[in-house]
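J.: Chains P and D supply the protein sequences, listed in that same order. All letters in the first sequence, in the order written, are residues 1095 to 1560 by this note's numbering. All letters in the second sequence, in the order written, are residues 1231 to 1435 by this note's numbering. I'd like to ask some things about the structure below.
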Amino acid sequence: MKFQQIDQFAAELKADTRAAVYDGSKKGHEKRTKLLFDEYADPDRLRHIAGEVKQHVVENLDTYLPQVEAKLKANGVIVHWAATAEAANQAVLGIMRARGATKMVKAKTMVSEETELAHFLEKHGMEALETDLGEFIVQIDGDHPSHIVKPIIHKNRREIATSFEKNGLGAYNDDPQTITRRARNFLRHKYLEADVGLTGANFVSAESGRLVLVTNEGNSRFCLAATKCHIAMVGIEKIVPRDYDLALFLNLLARSGTAQELTVYTEFISGPKSPTQPDGPEEMHVIFVDNGRTEVLASDCRDILRCIRCGACLNVCPVYRQASGHAYRSVYPGPVGAVLSPLMMGDKFPQKADLPKASSLCGACNEVCPVNIPIPDLLLRLRNRAKEENVPSPGTPPMGAWALLASQPTAWRASLFGGKIINYLPTKLLPIPALRAWEAKRSLPVWRGGEFRKWLKNRPPGKSSA
Amino acid sequence: MSSSDDRESILSRVRGALAPLHERAAMPDYTTELAVMRQMMGSRDLLTVFAERMALANGIVLTEPTALVARLRENKWLHGYCDPVLWPSLAAYFGADFKVETTYDRKRVDDYAFGLTRAAGAIAETGTIVLNDATTSRRLGALTPWVHIAVVERAKIFSDLPEAVAGLGHDNNVIWVTGPSKTADVEGILIEGVHGPGIQIALVV
Ligand code: SF4
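Take a look at the structure:
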């Protein structure tokens, strides 16, 4: 057996990084479990219902999308649609240009990671500053986030202190408190200078058109207190039917993601600022982004569109813990990413077709998922799809010869006996790369093929339990 | 392609993707009681639970303006912003050592050590303060100072999240604040006061 592709990518990461991810993700999971199970009589039921609500939304998007659009318009929000990442970025650029804006402050949004908005805007002469502490550090480092909720889970304080120093944010100091204060002092002036605040949305209520945003740091609140124009980039699957449903989802999101009862700031935004309020956006735009989601909707893996991006499945996943986020080469790592990333590639599915194999199918992701997504089933479907589309699968040993033997009793018996030869062969020298890779870390057990059959044949008759 | 072309293409792809489904998943029937924490309230009154829960979120609950003023003075938080509607009823508690402004100047964002604004309500179950545009005199005044004091009316404490969601009302901007602004981004270590207040106080009246 050879390593899988993800192992090779993981092997390129520093040992420090992998250790940080392992610890960080494990802690998150242990706290979550305690919080959910102590506080609710039937937490599993909560998850199942939430899953059913989102599945209903996903399968009725044709009704909900026009409904939410009408509601937003009635609330005074300007609605845009973007089929691709490029179209979404262009829409943002268009809004900024129309206002003569040049400076954006950004809260954390996964959609803007998908479209690489900040890069795009910078290329077009705009300033686009990440304000979430983790994302800010990733930005000044020219790095990529490695977790959807904890973007710098892979970094330690020394690396952060070094990049702060390099970027003129003070002499080297790796005290987390100092790091945070420095970012606070630097960023608050940036918010106040900015023309546009960009956010995502965790949920959008079809009933009221309310966008719900959750953060702990207060950065999205700052974006919406300091700037005059609010742009929200929203994936088309983010809808919940009614305000009533929000309590259910809010209860699950923070507990699953960061083991909190609620995140510090939970914002409900249904339009530009009220006329009597001096601070905040006079203009509000919502851009509904597809970028591969309709591909997912058309597939037999549409359940993954229920995902509320809590990150629990990453924290609990033994493969994520060992491989860390970057090995997934996608905006969405971990179990959710192993399903979503290949699907969102559309025609380029083969490029990420190895990800669904990066799982032991242990089922832990399904158990923690607040919307009960059957991730292991979806992974199997995608493995199957890769097989059907004849995607080459490096690292998987050829099973053809085995299949042939196993289907012919005589040949099978002969091979069990003949296999003994392997005990006498210098396996380390055999020209079979898969075998050599395996032996590099382990040694083969002694071949005992045929022993069971021999015992079965010679056992004293009559007693079934002998 | 324009946004309206994109609209048509997205909606038609959505319809196309859903067309082969024989049956669409139905909306489950459930009550939000499901999402209420067990044994949180018991027979206790809302203020007691709110104070206990807010303390767990590292917030501070005070019921006397004198206690508030003492705490501000003790920490040398002497310069602040106060909602002009609140100031007449609070001015008498503050001594001459304080400098309190009833207008907020965004050019002097670092001058204000504290901000005093009205809350729209609170949520007992989670120890949360509810702010909205109608009652917050300045969004920035409630956000940028190191200390934020929200004046909460005792009669406006919701019991739990479902009740608070039902009470969102018609304000364009409602925000629930549960404790001070915080992060655990650096090595999972909790640090308070990232972009918003490092100290969150509720003054219940
Ligand atoms: S798949 Fe489930 S557990 Fe994973 S991020 Fe999405 S909602 Fe959370």
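The C-beta atom is built at its ideal place from N, Cα and C for all residues, glycine as well.
Just to check my reading of the structure: L1140(P) and L1264(D) have Cβ atoms closer than 8 Å, yes? What is that Cβ distance to the nearest angstrom?
T.: Here residue 1140(P) refers to the residue found at position 46 of the first sequence. Here residue 1264(D) refers to the residue found at position 34 of the second sequence. Rounded, the Cβ-Cβ distance is 6 Å, consistent with contact.
J.: Alpha helix (DSSP H) containing R1475(P): first to last residue?
T.: Position 381 of the first sequence, counting from 1, holds the residue named residue 1475(P). That run of the alpha helix (DSSP H) goes I1469 to E1482.
J.: Here's a check: name, in chain order, each residue in its chain whose Cβ is nearer than 7 Å to the Cβ of E1383(D), leaving out the five neighbours to either side.
T.: Within the second sequence, numbered from 1, the residue matching residue 1383(D) stands at position 153. The residues are V1435.
J.: Contact defined as beta carbons within less than 8 Å: I believe K1386(D) pairs with G1351(D). What is the distance between those atoms, to the nearest angstrom?
T.: Locating residue 1386(D) in the second sequence gives position 156, where the first residue counts as 1. Locating residue 1351(D) in the second sequence gives position 121, where the first residue counts as 1. Confirmed, about 4 Å.
J.: Taking the DSSP output, what are the residues bridged to Y1311(D)?
T.: Position 81 of the second sequence, counted from the start, is the residue given in the question as residue 1311(D). Answer is E1331(D) and G1345(D).
J.: Is D1235(P) closer than 8 Å to A1255(P) when the C-beta atoms are compared?
T.: For the purposes of this step, residue 1255(P) is identified with residue 161 of the first sequence, where counting begins at 1. For the purposes of this step, residue 1235(P) is identified with residue 141 of the first sequence, where counting begins at 1. Not closer than 8 Å, so no.
J.: Threshold first: 4 residues or longer. Then list the alpha helix (DSSP H) segments lying entirely within the region 1369-1399 of chain P, N to C.
T.: 1387-1392
J.: For a test of the three-state rule: what should DSSP assign to T1352(P), helix, strand or coil?
T.: In the first sequence, residue 1352(P) corresponds to position 258, counting from 1. In this structure, T1352(P) counts as helix in the three-state DSSP scheme.
J.: With a threshold of 16 other CB atoms inside 10 Å of the CB of F1230(P), please say whether the residue is buried or exposed.
T.: Your numbering for residue 1230(P) matches position 136 in the first sequence. Burial call: buried.
J.: DSSP has A1222(P) in a bridge; who is on the other side?
T.: Reading the first sequence from its first residue, position 128 is the one you call residue 1222(P). According to DSSP, A1222(P) shares a beta bridge with M1198(P).
J.: Who are the neighbours of E1146(P) on chain D, taking C-beta pairs under 9 Å?
T.: Along the first sequence, read from residue 1 onward, the residue named residue 1146(P) stands at position 52. Chain D residues near E1146(P): A1255, A1256, M1257, P1258 and Y1260.
J.: Specify the secondary structure class of F1343(P) as computed by DSSP and reduced to three states.
T.: Start at 1 with the first residue of the first sequence, and residue 1343(P) comes out as number 249. Helix at F1343(P).
J.: Alpha carbon to alpha carbon, what distance is there between E1224(P) and P1245(P)?
T.: The residue labelled residue 1245(P) in the question sits at position 151 within the first sequence. The residue labelled residue 1224(P) in the question sits at position 130 within the first sequence. Cα to Cα, P1245(P) sits roughly 12 Å from E1224(P).
J.: Please identify, using Cβ separations under 9 Å, the residues of the region 1165-1181 of chain P that lie next to chain D, in order along the chain.
T.: N1169, G1170, V1173, H1174, W1175, A1176, A1177, T1178 and A1181
J.: Would you call the region 1267-1286 of chain P and the region 1388-1402 of chain P in contact, with 3 or more CB pairs under 8 Å?
T.: Contact fails: fewer than three Cβ-Cβ distances are below 8 Å.
J.: Which residues of chain D have a Cβ atom closer than 7 Å to the Cβ of Q1161(P), listed in chain order?
T.: Mapped onto the first sequence, residue 1161(P) falls at position 67. Ordered by position in chain D, no residue passes the 7 Å Cβ test against Q1161(P), which lies about 12 Å from the chain.
J.: Tell me where the alpha helix (DSSP H) around T1157(P) begins and ends.
T.: Here residue 1157(P) refers to the residue found at position 63 when the first sequence is read from its first residue. Element bounds for T1157(P): L1155 to A1168.
J.: Given a threshold of 16 other Cβ atoms within 10 Å of its Cβ, counted over all protein chains shown, does H1241(P) qualify as buried or as exposed?
T.: Here residue 1241(P) refers to the residue found at position 147 when the first sequence is read from its first residue. The residue is buried, with at least 16 neighbouring Cβ atoms inside 10 Å.
J.: Would D1341(D) count as contacting chain P if we go by Cβ distances under 8 Å?
T.: As a first step, residue 1341(D) is located in the second sequence; it is residue number 111 there, counting from the start. It does not; no Cβ of chain P falls within 8 Å.
J.: Tell me where the alpha helix (DSSP H) around Q1416(P) begins and ends.
T.: If you number the first sequence from 1, residue 1416(P) lands on position 322. That run of the alpha helix (DSSP H) goes P1412 to A1417.
J.: Determine the chain D residues that contact D1156(P) at a beta-carbon separation under 8 Å, and present them in chain order.
T.: As a working mapping, residue 1156(P) is identified with position 62 in the first sequence. Near D1156(P) (Cβ distances below 8 Å), the residues of chain D are L1241, V1244, R1245 and L1248.
J.: I need the boundaries of the beta strand (DSSP E) containing G1329(P), first residue and last residue.
T.: For the purposes of this step, residue 1329(P) is taken as residue 235 along the first sequence, with counting starting at 1. For G1329(P), the enclosing beta strand (DSSP E) stretches over residues C1323 to G1329.
J.: Got a sec? Which residues, its chain only, sit under 7 Å from A1560(P) by beta carbon, not counting five neighbours each side?
T.: Stepping through the first sequence from its first residue, residue 1560(P) is reached at position 466. Bear in mind that a pLDDT of 42 at A1560(P), under 50, signals an unreliable position, so the model cannot answer this.
J.: Closer than 9 Å between beta carbons: that is the criterion. Which residues of the region 1402-1419 of chain D meet it against chain P?
T.: The region 1402-1419 of chain D vs chain P, Cβ under 9 Å: N1402, N1403, V1404, I1405, W1406, V1407, T1408, G1409, P1410, S1411, K1412, T1413, A1414, D1415, V1416, E1417, G1418 and I1419.
J.: Does any residue of chain P have a CB that is nearer than 8 Å to the CB of I1431(D)?
T.: Here residue 1431(D) refers to the residue found at position 201 when the second sequence is read from its first residue. It does not; no Cβ of chain P falls within 8 Å.
J.: Among L1320(D), A1285(D), L1433(D) and H1425(D), which one has its Cα closest to the Cα of T1309(P)?
T.: Position 215 of the first sequence, counted from the first residue, corresponds to residue 1309(P). T1309(P) has its Cα closest to that of H1425(D), out of L1320(D), A1285(D), L1433(D) and H1425(D).
J.: Kindly indicate the opening and closing residues of the beta strand (DSSP E) around W1175(P).
T.: Within the first sequence, numbered from 1, the residue matching residue 1175(P) stands at position 81. Segment I1172 to A1176, the beta strand (DSSP E) holding W1175(P).
J.: Determine the DSSP secondary structure at F1316(P), reduced to helix, strand or coil.
T.: The residue labelled residue 1316(P) in the question sits at position 222 within the first sequence. In the structure shown, F1316(P) sits in a helix (DSSP, three-state: H, G or I).
J.: With a threshold of 8 Å between beta carbons, is A1437(D) in contact with chain P?
T.: Residue 1437(D) lies beyond the range of chain D shown here (1231 to 1435); nothing can be said about it.
J.: In three-state terms, what does DSSP make of S1299(P)?
T.: For this step, residue 1299(P) is matched to residue 205 along the first sequence. In this structure, S1299(P) counts as strand in the three-state DSSP scheme.
J.: What residues of chain D sit near H1150(P), judged by a beta carbon separation below 8 Å?
T.: Position 56 of the first sequence, counted from the start, is the residue given in the question as residue 1150(P). Result: R1254, A1255, A1256, M1257 and P1258.
J.: Whose Cβ in chain D lies nearer than 7 Å to the Cβ of A1353(P)?
T.: As a working note, residue 1353(P) is residue 259 in the first sequence. Those do not exist, as A1353(P) stays about 10 Å from chain D at its closest Cβ, beyond 7 Å.
J.: Give a single yes or no on whether I1247(P) has its beta carbon closer than 7 Å to a heavy atom of the ligand SF4.
T.: Residue 1247(P) sits at position 153 when you count from the first residue of the first sequence. Result no, Cβ not under 7 Å from the ligand SF4.
J.: Taking only heavy atoms of the ligand SF4 into account, decide whether any of them is closer than 7 Å to the Cβ of C1463(P).
T.: Along the first sequence, one-based indexing puts residue 1463(P) at 369. Because some heavy atom of the ligand SF4 lies under 7 Å away, the Cβ of C1463(P) counts as near it: yes.
J.: Given a cut-off of 8 Å, decide if A1372(D) and T1347(D) are closer than it, judged by their beta-carbon atoms.
T.: As a position in the second sequence, residue 1347(D) is number 117, starting the count at 1. As a position in the second sequence, residue 1372(D) is number 142, starting the count at 1. Yes, the pair counts as a contact, with Cβ atoms nearer than the cut-off.
J.: Over what stretch of residues does the alpha helix (DSSP H) that includes Y1285(P) continue unbroken?
T.: Numbered from 1 along the first sequence, position 191 holds the residue referred to as residue 1285(P). Here the alpha helix (DSSP H) through Y1285(P) covers P1270 to E1287.
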